[in-house]
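Colleague:
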Amino acid sequence: MTPYILRRIGYALFVVWAAYTVTFVLLYLLPSDPVELMLTTTGAGESSLKVSDEARAALTAKYGFDQPFIIQYLMLLGRALTGNFGDSLQHKTPITELIVSTAPQTLQLAGLALLFSLIIGVGIALLANFSRSNPVRSILFSLPPVAASLPAFWIGLLLLQFFSYQLKWFPALGNNGFPALVLPALTLAIPAAATYAQILGRGMAKELHAPYIDIVRAKGASRARVQLVHAFRNAMLPALTILGITIGGILAGAVVTETVFSRRGLGRLLQGAVDAQDIPLVQTLVILSAVAFAVANLAVDLIYPLLDPRIARAGR
Amino acid sequence: MTLTDPAVATPAVDHTDSVLRISDLSIAYSAGAGRRVEAVRGVSLHVQKGETVALVGGSGSGKSTIALSTLGLLPRAASVTAGEILIDGIDVAGASERTWARKRGASISLIPQDPTVSLDPVYPIGRQIAEVLAIHGTVPRALRRERVLELLRQVGIDRPEQRADQFPHQLSGGQRQRVLIAIAIANNPSICIADEPTSGLDVTVQKRVLDQIDQLRAEHETGILLITHDLAVAADRADRIIVLEKGRIVEQGTRDEVLGNPTHPYTRALLEAAPSLTAVPAARPDVLVEAPTLLRITDLHKTYGHGQGAVAAVNGISLEVKRGTTLAIVGESGSGKSTTARIITGLETATSGTLDFDGVDLHGASARTRRQLSRRIQLVQQNPFSSLDPRFTLAEIIGEPLRAFGASRSARTPRVLELLDQVRLPRSFAGRRPGELSGGQRQRIAIARALAAAPDFVVLDEPVSALDVSVQKQILDVLNEIQRETGVTYLLISHDLAVVRLIAHEVAVMQAGEIVESGPTADVFERATHPYTRRLIDAIPGSRHQVSP
Numbered sequence: 003m004t005p006y007i008l009r010r011i012g013y014a015l016f017v018v019w020a021a022y023t024v025t026f027v028l029l030y031l032l033p034s035d036p037v038e039l040m041l042t043t044t045g046a047g048e049s050s051l052k053v054s055d056e057a058r059a060a061l062t063a064k065y066g067f068d069q070p071f072i073i074q075y076l077m078l079l080g081r082a083l084t085g086n087f088g089d090s091l092q093h094k095t096p097i098t099e100l101i102v103s104t105a106p107q108t109l110q111l112a113g114l115a116l117l118f119s120l121i122i123g124v125g126i127a128l129l130a131n132f133s134r135s136n137p138v139r140s141i142l143f144s145l146p147p148v149a150a151s152l153p154a155f156w157i158g159l160l161l162l163q164f165f166s167y168q169l170k171w172f173p174a175l176g177n178n179g180f181p182a183l184v185l186p187a188l189t190l191a192i193p194a195a196a197t198y199a200q201i202l203g204r205g206m207a208k209e210l211h212a213p214y215i216d217i218v219r220a221k222g223a224s225r226a227r228v229q230l231v232h233a234f235r236n237a238m239l240p241a242l243t244i245l246g247i248t249i250g251g252i253l254a255g256a257v258v259t260e261t262v263f264s265r266r267g268l269g270r271l272l273q274g275a276v277d278a279q280d281i282p283l284v285q286t287l288v289i290l291s292a293v294a295f296a297v298a299n300l301a302v303d304l305i306y307p308l309l310d311p312r313i314a315r316a317g318r
Numbered sequence: 008m009t010l011t012d013p014a015v016a017t018p019a020v021d022h023t024d025s026v027l028r029i030s031d032l033s034i035a036y037s038a039g040a041g042r043r044v045e046a047v048r049g050v051s052l053h054v055q056k057g058e059t060v061a062l063v064g065g066s067g068s069g070k071s072t073i074a075l076s077t078l079g080l081l082p083r084a085a086s087v088t089a090g091e092i093l094i095d096g097i098d099v100a101g102a103s104e105r106t107w108a109r110k111r112g113a114s115i116s117l118i119p120q121d122p123t124v125s126l127d128p129v130y131p132i133g134r135q136i137a138e139v140l141a142i143h144g145t146v147p148r149a150l151r152r153e154r155v156l157e158l159l160r161q162v163g164i165d166r167p168e169q170r171a172d173q174f175p176h177q178l179s180g181g182q183r184q185r186v187l188i189a190i191a192i193a194n195n196p197s198i199c200i201a202d203e204p205t206s207g208l209d210v211t212v213q214k215r216v217l218d219q220i221d222q223l224r225a226e227h228e229t230g231i232l233l234i235t236h237d238l239a240v241a242a243d244r245a246d247r248i249i250v251l252e253k254g255r256i257v258e259q260g261t262r263d264e265v266l267g268n269p270t271h272p273y274t275r276a277l278l279e280a281a282p283s284l285t286a287v288p289a290a291r292p293d294v295l296v297e298a299p300t301l302l303r304i305t306d307l308h309k310t311y312g313h314g315q316g317a318v319a320a321v322n323g324i325s326l327e328v329k330r331g332t333t334l335a336i337v338g339e340s341g342s343g344k345s346t347t348a349r350i351i352t353g354l355e356t357a358t359s360g361t362l363d364f365d366g367v368d369l370h371g372a373s374a375r376t377r378r379q380l381s382r383r384i385q386l387v388q389q390n391p392f393s394s395l396d397p398r399f400t401l402a403e404i405i406g407e408p409l410r411a412f413g414a415s416r417s418a419r420t421p422r423v424l425e426l427l428d429q430v431r432l433p434r435s436f437a438g439r440r441p442g443e444l445s446g447g448q449r450q451r452i453a454i455a456r457a458l459a460a461a462p463d464f465v466v467l468d469e470p471v472s473a474l475d476v477s478v479q480k481q482i483l484d485v486l487n488e489i490q491r492e493t494g495v496t497y498l499l500i501s502h503d504l505a506v507v508r509l510i511a512h513e514v515a516v517m518q519a520g521e522i523v524e525s526g527p528t529a530d531v532f533e534r535a536t537h538p539y540t541r542r543l544i545d546a547i548p549g550s551r552h553q554v555s556p
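Protein sequence lines correspond, in order, to chains P and W.
The opening position of the first sequence corresponds to residue 3 in the working numbering, with each subsequent residue numbered one higher.
The opening position of the second sequence corresponds to residue 8 in the working numbering, with each subsequent residue numbered one higher.
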């Protein structure tokens, strides 16, 4: 078992390292001068003309931009390993502080969205298979593909229009407490829920035709037992893999959702950083999302053998 | 009781001991657009306490539909249109799901067709046996584990304490079938439906599983309804035999009546098709004794893995195949027979040894030589359902090897038609696709494809084991005729000695990677010296019951 865990952790570390390296190469080797960018964003307005060449050189030396590429890379990687990602060009504060102060907002959003997506997704999958009425079944089976193809911003606007402006159940904007969290979380949850419902619903329908289900039924098992204890339990395995992937992608979803609902959070922070070409901040946020992705998938990989005895054996 | 066919006399019986009684049962499938297809028409049968009744028929005879209906497990599209199903004297034909649930697993149980896919892969087997006890509340929770171990011991599973905590994938096919039998008998049902319980198992394992079912029937006086396509299995195990064709009973009676004096042509056809029941050995082509050697294998080894974990799949075998003859390699799963076939066809590389094919050593051959030789060595695979591309027409499938070896389209068409003739399929099939064919027809197409490039040597890897017995005979006949016409050489890989006897000139018996016995087919069958060969011969279904034709 231990080699399996170590190997999985190794993969996760590799993913994070690769994400760091690729973003470093992409962002720092772009045909733009980071110092130029820094001065542009620093100065009020467009002008950077007043900066002297000496000041420019000092700045270049300070950030190590005069060093060869590989030295720059190793220097920054070393700093990143100690948790120091440098200062944001746009906000003039250490990036770590920025993230620590905004991350909780996004974590709350992501957590609630995950909860919603699981409840909705699993609920639809179970109902679609449990229902005996053919019209209900076909509606529940065709709902997920439709929902999965709706763009998040459109869902967000629709929810706003209906639940905030017309029914006035939830606030439209802002970060104030739980009610303000519901609509953004739903917006983020619906595409994910659709994916789970699709994979789980179809998976269960397939399992229900498996020969072992006939044996369970021949034992005299109730419908509920056949569906929950056997079909659901087996269909869960592929759905778990998808869960890992969607959790990883939640930061990407947060960009749109937080913009639509004007919430403070990592998504908005990323959007702002890209607008302002705040390269160190962009890179840190990309790495953060790589870490989220790697951790979510690591968790899935570690849970998987507990649920599927065939994997547990192969990993030993 | 209604008789649908006056020729089939239903014996008058006292039904007080009937654990299962079906009267005048009709079942129809809805085929869309309000159309209905009758799968079972007016079938009446009964099974007494402690009796084995075999329900015999080919694919599409309705035997499996009857089996499912007695368990209330018919698919949604099917419904009972008339008749009664009585379990322990109570009619359950139109019963609610709840009533069925109370019966299933308690009064009536199922031993299924394919044990490898019939257990839930995520739960330990002990828990799956305990489930049937828990559902019906027959054994209090505290005593369940003890009962599970007792059942495992009863069905002959070794080390029950450890096995109970193992998962299905850790058990062999035969062991899994034993677990399924344990589930079926856990609550001492009055009737057990055994639906082709040994298809997919090795012959010797088949025998042990059938023995096990027999023993349990005797001990618990359980009635057994044995569903099978193989009249030989029925001959060995059943007290009475019922023959089903197209949803109707065409013949029934005691085993000796049906086998000794079959009246219906379909029964006679089945009897003739059962290879092991016919005394006539073979229609295989006679060969010149002095035929030259086409393939000579010397000291062939194939080892998987390294060091201490190394497993020898093939351990120094030597054999010779003469041109125009058939050599059969016989053995069970894990004997190394399939590995040998894969090495000959170039799908695997041998660890050491020589394979002299018509003067060329296959083992040391360059990729280019191998490719040239691949025209001369062809393969027919076991499963005709997965070996044909469903989107190709049959002409494209058969013509593909020709295209690969550079034949033009105009040259391909007449050859394809000629090949369809050779495998006895109508020429009009050329434009069809595999989905429109039966299993036997598909296997003919696979044979035609293998023959397309006029090979000298065809490896037949279990060519009929996925087919009904009646279809098996037809395919073997086609193979024999082709050999007579073209002089092609066959290497047959099989676990079924009954099939081997019909087609092979020589036999090599493999066990654990080694050839334990070999020689001309008749010699091996009549004077087998190795205990393993004797066990294989003994396990052929039908050998317990000798019929005089």
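For every residue, glycine included, the Cβ atom is placed at its ideal position computed from N, Cα and C.
Being a predicted model, the structure only gives us computed values, none of them experimental.
#1: Starting from residue 479(W), trace the beta strand (DSSP E) in both directions and tell me its first and last residue.
#2: What do you reckon, are the CB atoms on residue 302(P) and residue 210(P) nearer than 8 Å?
#3: Checking 8 Å against the spacing of the C-beta atoms, do residue 562(W) and residue 167(W) come in under that value?
#4: Note down, in chain order, each residue of its chain lying with its Cβ closer than 8 Å to the Cβ of residue 330(W), except the 5 sequence neighbours on either side.
#5: Using a Cβ-Cβ cut-off of 6 Å (strictly less than) and excluding sequence neighbours within five positions of residue 96(P), which residues of its own chain qualify?
#6: Are the Cβ atoms of residue 434(W) and residue 426(W) separated by less than 8 Å?
#7: Any residues in the segment 170-187 of chain W with a beta carbon nearer than 8 Å to a beta carbon of chain P? Which ones, in chain order?
#8: In angstroms with no decimal places, state the Cα-to-Cα distance between residue 68(W) and residue 256(W).
#9: Between which residues of its own chain and residue 299(P) is the CB-CB distance below 6 Å, once the five residues before and five after are set aside?
#10: Could you tell me which uninterrupted beta strand (DSSP E) segments, each at least 3 residues in length, are contained entirely in the segment 379-439 of chain W, listed from first to last along the chain?
#11: Comparing the C-beta of residue 289(W) with each C-beta of chain P, is any distance below 8 Å?
#12: Quick one: measure Cβ to Cβ for residue 248(W) and residue 54(W), integer angstroms, because I've assumed they're closer than 8 Å.
#13: What residues in its chain sit with their C-beta under 6 Å from that of residue 289(W), if we drop five residues either side in the sequence?
#14: List the endpoints of the continuous alpha helix (DSSP H) containing residue 64(P).
#15: Would you please verify whether the beta carbon of residue 190(W) is less than 8 Å from any beta carbon of chain P?
#16: Beta-carbon within less than 8 Å of residue 7(W)'s beta-carbon, same chain only, minus the 5 sequence neighbours each way: which residues are those?
#17: At least one CB of chain P closer than 8 Å to the CB of residue 142(W): is that the case?
#18: Secondary structure at residue 89(P), three-state DSSP: helix, strand or coil?
#19: Going by the DSSP bridge assignment, what does residue 234(W) pair with across the sheet?
#20: Roughly how many angstroms lie between the CA atoms of residue 379(W) and residue 385(W), to the nearest whole one?
#21: Leaving out five residues before and five after residue 152(W) in sequence, what residues of the same chain have Cβ atoms less than 8 Å from its Cβ?
#22: Alpha carbon to alpha carbon, how far is residue 503(W) from residue 451(W)? Give it in angstroms, no decimals.
#23: If we count Cβ pairs, one from each stretch, closer than 8 Å, do we get three or more for the segment 152-170 of chain P versus the segment 77-92 of chain P?
#24: Return the Cβ separation of residue 108(P) and residue 254(P) in integer angstroms, given the expectation that the two are a contact with Cβ distance under 8 Å.
#25: From residue 388(W) to residue 279(W), what does the alpha carbon distance come to, in whole angstroms?
#26: What does residue 121(W) touch in chain P if you count any residue whose Cβ is under 7 Å from its own?
#27: Of the residues 307(W), 519(W), 118(W) and 86(W), which one's Cα is nearest the Cα of residue 338(W)?
#28: Assuming residue 111(P) and residue 195(P) make a contact with CB atoms under 8 Å, what is their CB distance in whole Å?
#29: Is it true that the CB of residue 392(W) sits closer than 8 Å to the CB of residue 446(W)?
#30: Within 10 angstroms of its Cβ, does residue 24(P) collect 16 or more other Cβ (buried), or is it exposed?
#31: Could you spell out where the alpha helix (DSSP H) holding residue 530(W) opens and where it closes?
#32: Per the DSSP calculation, residue 256(W) is bridged to which residue(s)?
#33: I need the DSSP call for residue 221(P), collapsed to helix, strand or coil.
#34: When DSSP labels each residue in this structure, what does residue 111(W) get in the three-state scheme?
#35: Do residue 531(W) and residue 523(W) have their C-beta atoms within less than 8 Å of each other?
#36: May I ask you to report which of helix, strand or coil DSSP gives residue 89(W)?
Modeller: This is what the structure holds:
#1: Unbroken run through residue 479(W) is the alpha helix (DSSP H), 476-493; no beta strand (DSSP E).
#2: Not a contact, by the Cβ cut-off of 8 Å.
#3: This structure cannot settle anything about residue 562(W), because the visible part of chain W is limited to 8 through 556.
#4: 298, 299, 300, 301, 463, 494 and 496.
#5: Counting only Cβ-Cβ distances below 6 Å, and skipping sequence neighbours, we find 89.
#6: No, they are not a contact pair.
#7: Cβ contacts with chain P: 174, 176, 177 and 187.
#8: Taking the straight line joining both Cα atoms gives about 9 Å.
#9: Cβ neighbours of residue 299(P) beyond the five flanking positions: 246.
#10: Counting only runs of 3 or more, we get 384-387.
#11: Unreliable placement is indicated for residue 289(W), whose pLDDT of 48 sits below 50; the coordinate value is still reported in the next sentence. Cβ-Cβ to chain P under 8 Å: no for residue 289(W).
#12: So it is not a contact: roughly 12 Å between Cβ atoms.
#13: The predicted model places residue 289(W) with a pLDDT of 48, which falls under 50 and marks its position as unreliable; any figure quoted below should be read in that light. Cβ neighbours of residue 289(W) beyond the five flanking positions: 509.
#14: Element bounds for residue 64(P): 55-64.
#15: Chain P, which has a Cβ nearer than 8 Å to the Cβ of residue 190(W), makes this yes.
#16: Look at the range of chain W in this structure, 8 to 556, and you will see that residue 7(W) is not part of it.
#17: Yes - at least one Cβ of chain P is within 8 Å of the one on residue 142(W).
#18: Residue 89(P) carries a strand assignment under DSSP once its states are collapsed to helix, strand and coil.
#19: Residue 234(W) has 62(W) and 202(W) as its beta-bridge partners, per DSSP.
#20: C-alpha separation (whole angstroms): 12 Å.
#21: Excluding sequence positions up to five before and after residue 152(W), its CB lies within less than 8 Å of the CB of 133, 137 and 171, all in the same chain and listed in chain order.
#22: Residue 451(W) and residue 503(W) have their C-alpha atoms some 20 Å from each other.
#23: The segment 152-170 of chain P, when compared against the segment 77-92 of chain P, does not touch it at the 8 Å Cβ threshold.
#24: 12 Å between Cβ atoms; not a contact.
#25: Cα to Cα, the separation comes out at about 25 Å.
#26: Those are 213, listed as they occur along chain P.
#27: Looking at 307(W), 519(W), 118(W) and 86(W), the one whose alpha-carbon comes closest to that of residue 338(W) is 519(W).
#28: Their Cβ separation, rounded to whole angstroms, is 15 Å, which puts residue 111(P) and residue 195(P) out of contact at 8 Å.
#29: Yes, the pair counts as a contact, with Cβ atoms nearer than the cut-off.
#30: Burial state of residue 24(P) is exposed, judged by a 10 Å Cβ sphere holding fewer than 16 other Cβ atoms.
#31: Here the alpha helix (DSSP H) through residue 530(W) covers 528-533.
#32: When beta bridges are read from the DSSP output, residue 256(W) appears opposite 251(W).
#33: Correct three-state label for residue 221(P): coil.
#34: In this structure, residue 111(W) counts as strand in the three-state DSSP scheme.
#35: Against a cut-off of 8 Å, the Cβ pair of residue 523(W) and residue 531(W) comes out as no contact.
#36: Reduced to three states, the DSSP call for residue 89(W) is strand.
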